[in-house]
Amino acid sequence: MMREQTKRVFRIVIVAGYFYLALPMILFCLGWCKWYIGIPVAVIVAGGMALCIKEHWDRPLKLELMFRKQDAWKVVGIVVLIMMWVALSGVGGLMWQNSDHWWRNEIYELLVTEKWPVTATFTSDTGTDGRGMVYYIGFWLPAAAIGKFFGIAAGYVAQYVWAVFGICVFYALICLWRKKVMVWPLFVIVFFSGLDVVGALISQSWEIHIFSDLHMEAWAEHFQYSSMTTQLFWVFNQAIPVWLACALLFFCEKPKNMIYLWSLVMLTSTFPFVGMLPFVIYYMISRVHWRNDYTKAAQIMRDCWKHWASLQNMLAGFAILLISGLYFMSNDALLGSVSFLKNNALGILLVLAAIILLIGVMLGLFWCVAAIALHWPKVLKYSVCMCGIVFVVMRIGHLAYCDWQTPLFWWLNLTVFYVLEAGVYLICLYPVLKRNKLFWMTSILLYIIPLIIIGSSCDFCMRASIPALLRVMFWCIQVIDQKWGQIRTYLLVGLLVIGAVTPLHEIKRSYSNTRVQYENYVVEPERIYFGGNFSGSTDTLFWKYVAK
13 MMREQTKRVF RIVIVAGYFY LALPMILFCL GWCKWYIGIP VAVIVAGGMA LCIKEHWDRP
73 LKLELMFRKQ DAWKVVGIVV LIMMWVALSG VGGLMWQNSD HWWRNEIYEL LVTEKWPVTA
133 TFTSDTGTDG RGMVYYIGFW LPAAAIGKFF GIAAGYVAQY VWAVFGICVF YALICLWRKK
193 VMVWPLFVIV FFSGLDVVGA LISQSWEIHI FSDLHMEAWA EHFQYSSMTT QLFWVFNQAI
253 PVWLACALLF FCEKPKNMIY LWSLVMLTST FPFVGMLPFV IYYMISRVHW RNDYTKAAQI
313 MRDCWKHWAS LQNMLAGFAI LLISGLYFMS NDALLGSVSF LKNNALGILL VLAAIILLIG
373 VMLGLFWCVA AIALHWPKVL KYSVCMCGIV FVVMRIGHLA YCDWQTPLFW WLNLTVFYVL
433 EAGVYLICLY PVLKRNKLFW MTSILLYIIP LIIIGSSCDF CMRASIPALL RVMFWCIQVI
493 DQKWGQIRTY LLVGLLVIGA VTPLHEIKRS YSNTRVQYEN YVVEPERIYF GGNFSGSTDT
553 LFWKYVAK
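Per the numbering used here, the sequence shown runs over residues 13 to 560.
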């Protein structure tokens, strides 16, 4: 009886997770694409979702949940805490919102009030200019659909409910992973952050007040990783879907579903979609039971086909990547960087081929790097510590920041940023995970990601790092759960408490601004239609041949 109940809970969570991730893509196909393209692709996406769920339906359970009657109150408490957390973030306009919401509010209202796909024509002295909304809009589509029927106010409430629902499913996967209903991991999630307060003190950027309104994560200037609370309070539309997708990937996903699962994130969380790719590759390799008697390349190819090839991966995953890729390739910010894509079918095919090649290269690269790194952990650890000491001496010595704008300083700045944002946790986790290749791959990724700069700010660094930071946070939860009573675990908890200063700043700012009279703002529509990050010309392949 207990096993049947466990199976039922597991199935409900899996169905809810895939429904949450697939529904925005289905709505996009039906609402934004020509009927003879959108309907078949929507059917393929829905079919892929059904096949993914079927893969889990009768599988031997690895994720179990011992649910007792007294756990019902824990579930109620968890849901209430999640509802409070989401309300404080400003999602749905229930409380004060950070400035990034002003743009997101206008995007959402345009999705409600304008016909899909959202386009506009502007007249100037040089003629007419057609503009279309091109942004990672997936999160808003279910709430916007409700808003179209019941009004913007109802749509804002639906936006809040959709966010709460996504986080509840995400947390349910964590409870399944730990095999019990627990409340304390929710506090780890809410307050998980790097040691930004230490970085701010070292950098002497500002005077620190624990309960000030500062956005502390900007202390490193060139680099920035975001706490879980910061992600929710500033970029909820990107964060929540990728949290859920990563939980599915890390805890229970099969290789036959992984490309499909990964592709669903592209429309909702474009930068995290890139950061998720190495983990997809790692798990596609590590979760296959490879034979030890390979003698011919053909044998390897047959096993790869057996474990990776599926309709949901090859047909549904490819269809989603193609439609989403064509859509984003009409974005002005992207075209500004790679202008040869505009109206260039060959260019787009080359990009798709490059993505496939990149996947193949990374399959080998990350395994090689992880294997090599496993043999020099002490060298890496001592090098990082020495760089940190040198940097601290420079900063305490009141050396002017502008005097050290050199490659050496830039590298030292990156290293100290890495140590404070991730390295301190990785060192605590090292004794438990030192033989885990994924641990080394994650450690290397978190050092490499800040080196990639797209645009004029550190957006890629902040968002592409989300999957790797989630992996570190899950390891922290695992070690606290399994190794409680050890000195290293107490040290880990102490570091988490210090890091909690950052989300406390975010929560305090939202609460204190809500207490006074406030207004949730929206920007002018023209700032969306002519903002390079949010739009693009309708004179591109997607708008000509795919969009309605």
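Using N, Cα and C, we set each Cβ at its ideal position, and we do this for glycine too.
Thinking residue i and residue j are a contact (beta carbons under 8 Å), I'd like their distance in whole angstroms, please.
i, j, result
"LEU33", "ALA331", "Not a contact, Cβ separation roughly 15 Å."
"GLN171", "ASN532", "About 12 Å separates the two Cβ atoms, so there is no contact after all."
"MET288", "PRO479", "5 Å"
"THR526", "THR242", "Rounded, the Cβ-Cβ distance is 17 Å, inconsistent with contact."
"LEU63", "SER336", "Contact flag wrong, Cβ pair sits at about 19 Å."
"LEU12", "LEU507", "Not covered by the structure: residue 12. The range shown for the chain is 13 to 560."
"VAL534", "TRP114", "6 Å"
"THR140", "PHE134", "7 Å"
Indicate whether residue i and residue j have their beta-carbon atoms separated by less than 9 Å.
i, j, result
"VAL36", "PRO154", "What sits at residue 36 in the sequence shown is Pro, not Val. Yes, they are a contact pair."
"LEU260", "ILE519", "no"
"MET453", "VAL200", "no"
"ASN425", "HIS227", "no"
"ILE94", "ILE179", "yes"
"ALA232", "SER215", "yes"
"LEU273", "ALA175", "no"
"PRO537", "GLU118", "yes"
"LEU42", "ALA54", "yes"
"GLY211", "VAL428", "yes"
"GLY511", "SER238", "no"
"PHE19", "VAL558", "Note on residue identity: the sequence assigns Lys, not Phe, to residue 19. For LYS19 and VAL558, no; Cβs fall outside 9 Å."
"GLY163", "TYR120", "no"
"ILE293", "VAL193", "no"
"TRP44", "TYR339", "yes"
"VAL92", "ALA328", "no"
"TYR430", "TYR459", "yes"
"GLN250", "PHE291", "no"
"GLN324", "GLY50", "no"
Excluding five sequence neighbours on each side, which residues of the same chain lie with their C-beta closer than 6 Å to the C-beta of residue i?
i, result
"LEU482", "CYS258"
"TYR541", "ALA132, ARG143 and SER547"
"ALA184", "VAL25"
"GLU433", "GLY206 and TYR237"
"LEU122", "VAL130"
Buried or exposed: which applies to residue i, given that a residue is buried once 16 or more other Cβ atoms fall within 10 Å of its Cβ?
i, result
"ARG475", "buried"
"SER477", "buried"
"LYS268", "buried"
"SER524", "exposed"
"VAL590", "No answer is possible for residue 590: it lies beyond the span of the chain, which begins at 13 and ends at 560."
"VAL247", "buried"
"PHE151", "buried"
"HIS68", "buried"
"ILE271", "buried"
"PHE472", "buried"
"GLY497", "exposed"
"ILE186", "buried"
"CYS161", "Correcting the residue type first, residue 161 is Phe in the shown sequence and not Cys. Label assigned to PHE161: exposed."
"ILE408", "Here the model assigns ILE408 a pLDDT of 46, short of 50, so the residue's position is not dependable, and the following value carries that caveat. By the neighbour-count rule (16 or more Cβ atoms within 10 Å), ILE408 is not buried but exposed."
"GLN494", "exposed"
"TRP423", "exposed"
"TYR530", "exposed"
"SER455", "buried"
"TRP555", "buried"
Excluding the 5 residues preceding and the 5 following residue i in the sequence, name in chain order all residues of the same chain whose CB lies nearer than 7 Å to its CB.
i, result
"GLY548", "GLY144, VAL146, SER342, ASN343, ASP344 and LEU347"
"ALA157", "LEU39"
"THR550", "THR131, GLY142, ARG143 and GLY144"
"MET107", "ALA99, LEU100, SER522 and THR526"
"ASP83", "VAL193"
"LEU450", "TYR294"
I need the DSSP call for residue i, collapsed to helix, strand or coil.
i, result
"PHE451", "helix"
"SER547", "strand"
"ARG8", "Outside the displayed range of the chain (13 to 560) lies residue 8, so it cannot be described from this structure."
"LYS192", "strand"
"MET563", "The question about residue 563 has no answer, for the chain in this structure spans 13 to 560."
"CYS45", "strand"
"THR552", "coil"
"GLY144", "strand"
"THR427", "helix"
"THR133", "strand"
"ALA321", "coil"
"ALA175", "helix"
"ALA165", "helix"
"ALA559", "strand"
"VAL209", "helix"
"TRP108", "coil"
Given residue i, which residues of its chain have a CB within under 8 Å of its CB, disregarding the five upstream and five downstream residues?
i, result
"LEU504", "TYR437, CYS440, LEU441, CYS488, VAL491 and ILE492"
"PHE285", "VAL254, TRP274, VAL277 and MET278"
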